[in-house]
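Protein chains in written order, with our numbering: chain U, 21 to 238; chain Y, 142 to 387; chain R, 41 to 245.
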Amino acid sequence: MIALLLRDIRLAMRAGGGFGLGLSFFLIVVVLVPFGVGPQSALLTVIAPGILWLGALLACLLSLDRILALDWEDGSLDLLATSPLPMEGIVSVKALAHWVTTGLPLVAAAPVLGLLLNLSEPGYKWLIISLFLGTPALSVIGTFGAALTVGLKRGGLLLSLLVLPLYVPTLIFGAEVARRGAEGLDATTPLLMLAGITCGTIALLPFASAAVLRVNLR
Amino acid sequence: MNLNAFWEYANPKKFIQTADRLLPWFAGLAAVTLVGGLIWGFFFTPADYRQGSTVKIIYLHVPSALMAINAWLMMLVTSLIWIVRRHHVSALAARAAAPVGMVMTLIALVTGAIWGQPMWGTWWAWDPRLTSFLILFLFYLGYIALWEAIENDDTAADLTSILCLVGSVFALLSRYAVNFWNQGLHQGASLSLDKEENVADVFWYPLLVCIAGFVFLFIALVLMRTRTEIRARRMRALLTRERMEA
Amino acid sequence: MMLQVSDLTIARGGIPVLEGVRFTLAPGQALVVRGPNGIGKTTLLRTIAGLQPPVSGRIDVPPESLVYAGHADGIKATLSVNENLKFWAEVFGQKDYSKAIEVFNLGPLATRPAGALSAGQKRRLGLARLLVTGRAIWVLDEPTVSLDTDAVAMFAHAVRGHLATGGMALMATHIDLGLGEAQVLDVAAFKAKPLADNDFDGAFL
């Protein structure tokens, strides 16, 4: 399992692995927002938490099809499925590797991009906390979507269509934590709900992902 | 009747025979109750003292919203039956119900917008109930798209069943998340068994008839579509076999 | 330790292709699966490897004893030959992969990224993976594709070495590997008979 995790991270870091693609996309989205809504800093302050969450979510979405599709194409997935690793473990590790190479850099980059959007002072702490707690759920849910569409030739668009509705609760609670934090309100309730969703998806969704992947490998 | 007899209807041939027999009855019942209920509701009920005649759209809005949710529930049950007992008809019934449920969701959304315009002065508000239905609509879209995208029927049935299961959990989660996110303008449930603040009897009886009409319509449509899906599936199976023997 | 297949029926895309397949593989034995294209050799091997469920019948195989190699090698182009082998060794709980390098003469290529290898060299790397798993039953689908004569000899040598240590090999191949002791199973004899047209049951055929 650890070997698989290290391999996936190494593959992502090497040339053509797509590491940094999500980050660049996040940066571009955030840069484009002021062009769309205008440069008034008061307005940007209000929408900054939501935009940062949405940007992180989209950046995460962008790299989902790489989680399983590459291993599917070169046959590794068949070989992994017949290896001693349990399928549930494989999808969990894949999700973890995706989070380490995509989610974690997004969490780190978010405060810097917050500066661009004039995020209010107390907002930074809550933005980082909410993204740190919420992005694992995005990776796990995304792995489920990737497992559903792994055998399809043009699965990218379908993947987004399937995964985005599943992202709704995470986005609502995550952005709510960031927004309340930025406005100096109490963010405990949405924070607990966000943590609950993350724990729940990490605990249960790998079973669904594994079942789906087994069906797709038949 | 013992329970095992029920599973006989999982045989496609038997299902088609039964559907052929039942369909005219359900279609007829749907026509009678819908026409009757809507005429009763539109022309023979007083205008509400606050909402005026706009309230009459309730006879389309409430039943379609109910069926939008019930269709998903039916898909959930049939998906579970497919996962547990591997009856092909069950999976095809879920596939047949999805577009019907999606259209019901759309009707609920559109009638809601038409009702909302005079009442709240806006076509659309990010009210929790409205938003939940919009999200439900997205779930239907994804579910149908997945069915369409996969060539192998068994694989498609397996994947969509699991998506339906997972989607149900997330749809429920979204419902609560959306409630938390915005408290909303929508009135409480118009129908409940024990509340005093139910709609008055004059509106209530035609509404019940309309709901019954939508239920019959739904059953008739799903029977018809399942029958078609079974035949299409049979045709694809025969074609595949021909290709393999060639 | 035996691989025992009895009365196996397998399907591709929901349609039975082979039925009544039976054979036994004891330690030290090799079995070559033969048959025309499209008869269901790959499906049979994938079913035995556990990637897809059989329609009916039994596959008795000791747990954790089987390794599968399909048409694709599962090689990562950006990892070096060493890294690829080391990864698979770790997945199967093994440490030493030097023997695999030696048997398939990958030593000179060990630090090259796998993407820079030729097709035949990649295939050798894919087959070397079998040796690092430490599993007894090899299930191989067309293992000799894109191998030159020398490499085929290398592979035959590897299989013979494996059989000599009590291993087993089940493979679909058209090339004669010069394995005198290998039995041949012609699956064309097990071709599933089409069902009657009007038999319209739960499976639609």
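For glycine and all other residues, C-beta sits at the position ideal for the given N, C-alpha and C.
Between the alpha carbons of residue i and residue j, how many angstroms are there, rounded?
| i | j | result |
| --- | --- | --- |
| Asn320 (chain Y) | Arg384 (chain Y) | 53 Å |
| Trp181 (chain Y) | Tyr200 (chain Y) | 10 Å |
| Trp128 (chain R) | Leu165 (chain R) | 11 Å |
| Val105 (chain Y) | Thr159 (chain Y) | With chain Y covering only 142 through 387, there is no way to say anything about residue 105 (chain Y). |
| Asn238 (chain R) | Arg174 (chain U) | Since pLDDT at Asn238 (chain R) reaches only 49, below the 50 mark, its modelled position is unreliable, and no value is offered. |
| Leu106 (chain R) | Thr102 (chain U) | 8 Å |
| Ala231 (chain U) | Val199 (chain R) | 34 Å |
| Ile371 (chain Y) | Phe156 (chain Y) | 9 Å |
| Gln258 (chain Y) | Trp265 (chain Y) | 8 Å |
| Glu142 (chain R) | Leu31 (chain U) | 26 Å |
| Tyr281 (chain Y) | Asp113 (chain R) | 39 Å |
| Lys336 (chain Y) | His202 (chain Y) | Summary for Lys336 (chain Y): the model assigns pLDDT 43, below 50, so the residue's position carries little reliability; its value from the coordinates is reported in the next sentence. Between Lys336 (chain Y) and His202 (chain Y), the C-alpha separation is close to 20 Å. |
| Asp295 (chain Y) | Gly54 (chain R) | 7 Å |
| Glu338 (chain Y) | Pro131 (chain U) | Its pLDDT being 48, under 50, Glu338 (chain Y) is placed unreliably in this model, and the value from its coordinates should be taken loosely. Approximately 50 Å, taken between the alpha carbons. |
| Trp73 (chain U) | Thr209 (chain U) | 18 Å |
| Met260 (chain Y) | Ala298 (chain Y) | 43 Å |
| Ala271 (chain U) | Leu91 (chain R) | The displayed coordinates of chain U run from 21 to 238. Any statement about residue 271 (chain U) would go beyond what the structure contains. |
| Ala140 (chain R) | Ala286 (chain Y) | 46 Å |
| Phe164 (chain U) | Ile224 (chain Y) | 18 Å |
| Leu184 (chain U) | Gly218 (chain R) | 56 Å |
| Asn145 (chain Y) | Phe357 (chain Y) | 26 Å |
| His214 (chain R) | Trp288 (chain Y) | 39 Å |
| Ser333 (chain Y) | Trp345 (chain Y) | Unreliable positioning characterises Ser333 (chain Y) in this predicted model, as indicated by a pLDDT of 47, which lies under 50. The coordinate reading is nonetheless provided below. Looking at the two C-alpha atoms, the distance is approximately 11 Å. |
| Arg368 (chain Y) | Ile222 (chain Y) | 18 Å |
| Leu212 (chain U) | Leu43 (chain U) | 27 Å |
| Ile217 (chain U) | Leu314 (chain Y) | 9 Å |
Along chain Y, which residues have their Cβ under 8 Å away from the Cβ of residue i?
| i | result |
| --- | --- |
| Leu205 (chain U) | Going along chain Y, no residue has its Cβ under 8 Å from Leu205 (chain U), so there is no contact; the nearest lies around 14 Å. |
| Gly54 (chain R) | Asn293, Asp294, Asp295, Ala378, Thr381 |
| Phe164 (chain U) | Val307 |
| Ala228 (chain U) | Ile303, Leu306, Val307 |
Is residue i close to the ligand GTP? I mean its beta-carbon at under 7 Å from any heavy atom of the ligand.
| i | result |
| --- | --- |
| Tyr281 (chain Y) | The ligand GTP is not part of this structure, which contains no ligands at all. |
Residues of chain U with CB under 9 Å from residue i, in chain order?
| i | result |
| --- | --- |
| Ala290 (chain Y) | Thr169, Leu172, Arg174, Gly175, Leu178 |
| Leu91 (chain R) | Asp98, Ala101, Thr102, Arg234, Leu237, Arg238 |
| Ala212 (chain Y) | Per Cβ cutoff of 9 Å: no residues; Ala212 (chain Y) is ~16 Å from chain U at best. |
| Leu279 (chain Y) | Leu181, Leu184, Pro185, Val188 |
So which residues on chain U does residue i lean against when the C-beta distance must stay under 7 Å?
| i | result |
| --- | --- |
| Glu130 (chain R) | Ala23 |
| Gly283 (chain Y) | Leu181, Leu182, Pro185 |
| Leu300 (chain Y) | Leu168, Val232, Val235 |
Verify whether the separation of the beta carbon atoms of residue i and residue j is less than 8 Å.
| i | j | result |
| --- | --- | --- |
| Leu65 (chain R) | Leu84 (chain R) | no |
| Phe144 (chain R) | Leu180 (chain R) | no |
| Leu99 (chain U) | Tyr137 (chain R) | no |
| Ala159 (chain R) | Val121 (chain R) | no |
| Val53 (chain U) | Ile29 (chain U) | no |
| Leu214 (chain U) | Gly154 (chain U) | yes |
| Leu172 (chain U) | Leu178 (chain U) | yes |
| Leu119 (chain R) | Arg169 (chain R) | no |
| Thr186 (chain Y) | Pro347 (chain Y) | yes |
| Pro156 (chain U) | Gly123 (chain U) | yes |
| Gly80 (chain R) | Arg52 (chain R) | yes |
| Asp201 (chain R) | Pro67 (chain R) | Per the sequence shown, the amino acid found at residue 201 (chain R) is Gly instead of Asp. No. Outside cutoff. |
| Leu97 (chain U) | Leu237 (chain U) | yes |
Who are the neighbours of residue i on chain Y, taking C-beta pairs under 7 Å?
| i | result |
| --- | --- |
| Glu196 (chain U) | Trp322 |
| Ala231 (chain U) | Ile303 |
Which chain U residues are close to residue i, counting only those with a beta carbon under 8 Å from its beta carbon?
| i | result |
| --- | --- |
| Leu221 (chain Y) | The contacting residues do not exist; Leu221 (chain Y) stays about 13 Å from chain U at best. |
| Ala232 (chain Y) | Neighbours of Ala232 (chain Y) on chain U: none; closest Cβ ~13 Å, over 8 Å. |
| Phe274 (chain Y) | Under the 8 Å cutoff, chain U gives no residues; its nearest Cβ is about 12 Å from Phe274 (chain Y). |
| Ala286 (chain Y) | Leu178, Leu181, Leu182 |
What residues of chain R sit near residue i, judged by a beta carbon separation below 7 Å?
| i | result |
| --- | --- |
| Met385 (chain Y) | Ile55 |
| Arg27 (chain U) | Phe127 |
Please compile the residues from chain Y whose C-beta is within a distance smaller than 9 Å of the C-beta of residue i.
| i | result |
| --- | --- |
| Ile217 (chain U) | Leu314, Ala318 |
Query raised in the report: Using 8 Å as the threshold, is the segment 225-232 of chain U in touch with the segment 103-116 of chain U, meaning 3 or more CB pairs across them?
Result: Because the criterion of three Cβ pairs below 8 Å is met, the segment 225-232 of chain U and the segment 103-116 of chain U touch.
Query raised in the report: Is there contact here, the segment 207-226 of chain R with the segment 68-76 of chain R, by at least three beta-carbon pairs under 8 Å?
Result: Judged by Cβ distances under 8 Å, the segment 207-226 of chain R makes contact with the segment 68-76 of chain R, as three or more pairs qualify.
Query raised in the report: Relative to chain R, which residues along the segment 94-124 of chain U have a C-beta separation below 9 Å, given in chain order?
Result: Only Asp94, Gly95, Ser96, Leu97, Asp98, Leu99, Leu100, Ala101, Thr102, Ser103, Pro104, Leu105 from the segment 94-124 of chain U bring a Cβ to less than 9 Å from some Cβ of chain R.
Query raised in the report: If you measure beta-carbon to beta-carbon, which residues of the segment 97-115 of chain R are closer than 9 Å to chain U?
Result: Of all residues in the segment 97-115 of chain R, only Glu104, Leu106, Val107, Tyr108, Ala109, Gly110, His111, Ala112, Asp113, Gly114, Ile115 place a beta-carbon less than 9 Å from a beta-carbon of chain U.
Query - Stretch pair the segment 233-250 of chain Y + the segment 204-217 of chain Y: three plus CB contacts closer than 8 Å - result: With a cut-off of 8 Å, the segment 204-217 of chain Y and the segment 233-250 of chain Y count as touching, because enough Cβ pairs lie within range.
Query - Where the segment 253-270 of chain Y meets chain R: residues whose CB sits under 7 Å from a CB there - result: Listed by position along the chain: nothing, the set is empty.
Requested in this report: Decide if the segment 299-308 of chain Y is in contact with the segment 214-228 of chain Y; the criterion is three or more beta carbon pairs, one per stretch, under 8 Å apart.
Outcome: Flag = yes, the segment 299-308 of chain Y and the segment 214-228 of chain Y touch.
Query - Sufficient close CB pairs (3 or more, under 8 Å) joining the segment 182-199 of chain R to the segment 42-60 of chain R - result: Pairwise C-beta distances place the segment 182-199 of chain R out of contact with the segment 42-60 of chain R, as fewer than three of them are shorter than 8 Å.
Query - Cβ-based contacts, 8 Å cut-off: residues of the segment 180-192 of chain U near chain Y - result: Residues Leu181, Leu182, Leu184, Pro185, Leu186, Val188, Pro189, Ile192.
Query raised in the report: When the Cβ atoms of the segment 136-151 of chain U are set against those of the segment 193-208 of chain U, are three or more pairs found closer than 8 Å?
Result: Counting Cβ pairs under 8 Å, three or more are found: they touch.
Query raised in the report: Is there contact between the segment 77-96 of chain U and the segment 109-127 of chain U, where contact requires at least three CB pairs shorter than 8 Å?
Result: With the cut-off at 8 Å, the segment 77-96 of chain U and the segment 109-127 of chain U touch.
Query raised in the report: Just checking, does the segment 116-124 of chain U make contact with the segment 55-68 of chain U on the three C-beta pairs under 8 Å criterion?
Result: Touching, no, given that fewer than three Cβ pairs across the two stretches are closer than 8 Å.
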